[in-house]
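One structure is given here, and the rest of the page talks about it.
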């Protein structure tokens, strides 16, 4: 059996105890969105009334949320609600608070004191989206730190002893005794001297290896140069300057090169073989 319903479009009875359904912070936000609410209607039923309304999004004007609130018929308090926004599953969002504020602030005018409403489609209200500086920055006391006085450098360095800066180095030197300062100078001098000697020895070794590389490559090129007559004396002189291990490796390479020669007395070592020997010169230099 269908129940008869009646919809009112002019004037609403105020809602009671809205703070029991909505938080105070939400009600405060809802009062700022009263101008966003439109197309509000209250459907009266037997046990409860239903408020249907639309609310324009606070961020985007082209987004409209549908709000539905269940109102107790006797106490005029909000029992439940739903909203199409992300936070409106339980109906306790700021859009529901805006509808409650709209209903409570609506004036109970007579139907003849306002424009005709029937046969007129509902539309979004025209709002002034421009904001003043006062609206963007509300007046109020500025919050700041309790103590804005700068700390002394000594206190800062005491809290951050590992901070690397000239001031921290000076403060640490001032705290050191005379014996400690002298010991630090001696240790730093020793470390600097040892580092310089190690670097000097390393450079000398590199220069020696480079000299050995040049000598080895020169002999290789001389022995296997097709324009130079290879003699046993040249090979003997070159072998005399090598260590035992280097002689074995060199003899193996020479045997391979001599074996690859042809009977027409073509060059024993081609340009590729010379490059091959040049690439392995670090091994010979290490064994010298």
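Numbering (UniProt numbering), first residue to last: 1 to 288. Built from N, CA and C at the ideal position, the CB exists for glycine as well. Please read these numbers as outputs of a predicted model, since none were measured by experiment.
Would you report the Cα separation of residue i and residue j, rounded to the nearest angstrom?
i, j, result
"residue 25", "residue 116", "37 Å"
"residue 198", "residue 163", "31 Å"
"residue 173", "residue 133", "55 Å"
"residue 229", "residue 201", "At residue 229 the pLDDT is 49, less than 50, meaning the model places this residue with poor confidence and gives no usable figure here."
"residue 55", "residue 161", "59 Å"
"residue 69", "residue 42", "9 Å"
"residue 187", "residue 180", "10 Å"
"residue 263", "residue 206", "Here the model assigns residue 263 a pLDDT of 39, short of 50, so the residue's position is not dependable, and the following value carries that caveat. Taking the straight line joining both Cα atoms gives about 42 Å."
"residue 177", "residue 165", "21 Å"
"residue 62", "residue 85", "14 Å"
"residue 64", "residue 83", "11 Å"
"residue 87", "residue 50", "20 Å"
"residue 184", "residue 194", "15 Å"
"residue 106", "residue 23", "21 Å"
"residue 171", "residue 189", "21 Å"
"residue 175", "residue 139", "52 Å"
"residue 89", "residue 131", "31 Å"
"residue 203", "residue 196", "11 Å"
"residue 136", "residue 60", "17 Å"
"residue 19", "residue 100", "10 Å"
"residue 159", "residue 192", "31 Å"
I'd like the span of the alpha helix (DSSP H) that includes residue i, first residue to last.
i, result
"residue 62", "Run containing residue 62: none; DSSP gives neither H nor E here."
"residue 170", "166-175"
"residue 27", "24-31"
"residue 139", "It is not in any alpha helix (DSSP H) - residue 139 carries neither H nor E in the DSSP assignment."
"residue 19", "18-21"
At what residues does the beta strand (DSSP E) containing residue i begin and finish?
i, result
"residue 44", "37-44"
"residue 52", "48-56"
Excluding sequence positions up to five away, which residues of its chain have a Cβ less than 6 Å from the Cβ of residue i?
i, result
"residue 21", "78"
"residue 182", "none"
"residue 103", "12, 15"
"residue 57", "63"
Within the same chain, show all residues whose beta-carbon is closer than 7 Å to that of residue i, passing over the 5 residues directly before and after it, in chain order.
i, result
"residue 48", "70, 71, 72, 73, 79"
"residue 98", "30, 33, 34, 36, 37, 55"
"residue 16", "75, 76, 77"
So, does the CB of residue i fall closer than 7 Å to a CB anywhere in chain C?
i, result
"residue 72", "Judged by its chain identifiers, the structure shown contains no chain C, having just a single protein chain."
*Touching or not, the segment 29-38 and the segment 91-104, by the rule of three or more beta carbon pairs under 8 Å?*
The segment 29-38, when compared against the segment 91-104, does touch it at the 8 Å Cβ threshold.
*Enumerated in chain order, which unbroken segments of the beta strand (DSSP E) with a length of 3 residues or greater are wholly contained in the UniProt domain "SWIM-type" (74-104)?*
78-83
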